[in-house]
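Participant: Attaching a single structure in structure tokens format; questions to follow.
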Amino acid sequence: MITRMPHDLDSNDDLGLDLELAEALAHFDPEHQDPSYWYRFRQWVLENAAGELARRRLIHELTVGDVMTSWARTVVPVALLAAILAGLLLMRDQSVVPVRPVGIEELLVSGVQGQTIPSALAPSETSDPVAFASEIF
């Protein structure tokens, strides 16, 4: 039978202890038939968890160097493969004709009809105020 101590109950609990329900469920308590059941169960759990608990204690003691060493088996080959692939891609792109950068004058006059800045800056037009401003600035 389940025995409850007075300090097990919460004084703010609206439901309180349902004695009738406790009596009905007492039959399903393994301690009802075997008084040492929970003690043996606790021992069994601790014995089976010993390996996992030891592993977790060892993980706690690992350093950054230990983690990096364990990762080296996968990270180093992947980094090497990425470097080789990048090198191959760079070597292959050398056959492509380099793109000529667009100058400022070309950007300013692209799509403009009529007199453009290069024609305004021709030596024959030196008396023009645009040429004067261009030489000063």
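Residue numbers (the numbering used here): 6 to 142. Ideal Cβ placement from N, Cα and C applies to all residues, glycine included.
1. Hey, how far is the Cα of P35 from the Cα of H65?
2. Counting along the chain, where does the alpha helix (DSSP H) carrying E57 start and finish?
3. Specify the secondary structure class of P106 as computed by DSSP and reduced to three states.
4. Near M6, what residues of its chain come up, given a Cβ to Cβ distance below 6 angstroms and the 5 sequence neighbours on each side ignored?
5. DSSP state of T74, grouped into three classes?
Facilitator: A quick look at the data gives this:
1. Here the question's residue 35 lines up with position 30 in the sequence shown. Here the question's residue 65 lines up with position 60 in the sequence shown. When only Cα atoms are considered, P35 and H65 end up about 37 angstroms apart.
2. In the sequence shown, residue 57 corresponds to position 52, counting from 1. Note, E57: alpha helix (DSSP H), Y42 to H65.
3. In the sequence shown, residue 106 corresponds to position 101, counting from 1. In the structure shown, the three-state DSSP call for P106 is coil.
4. Here residue 6 corresponds to residue number 1 of the sequence shown, with the count starting at 1. Because M6 sits at a pLDDT of 44, beneath the cut-off of 50, its placement in the model cannot be relied upon, and the following sentence gives the value as read from the coordinates. Once the five neighbours on either side are set aside, the close Cβ partners of M6 are A31.
5. Taking the sequence shown and counting its residues from 1, one reaches residue 74 at position 69. T74 sits in a helix when the DSSP states are folded into three classes.
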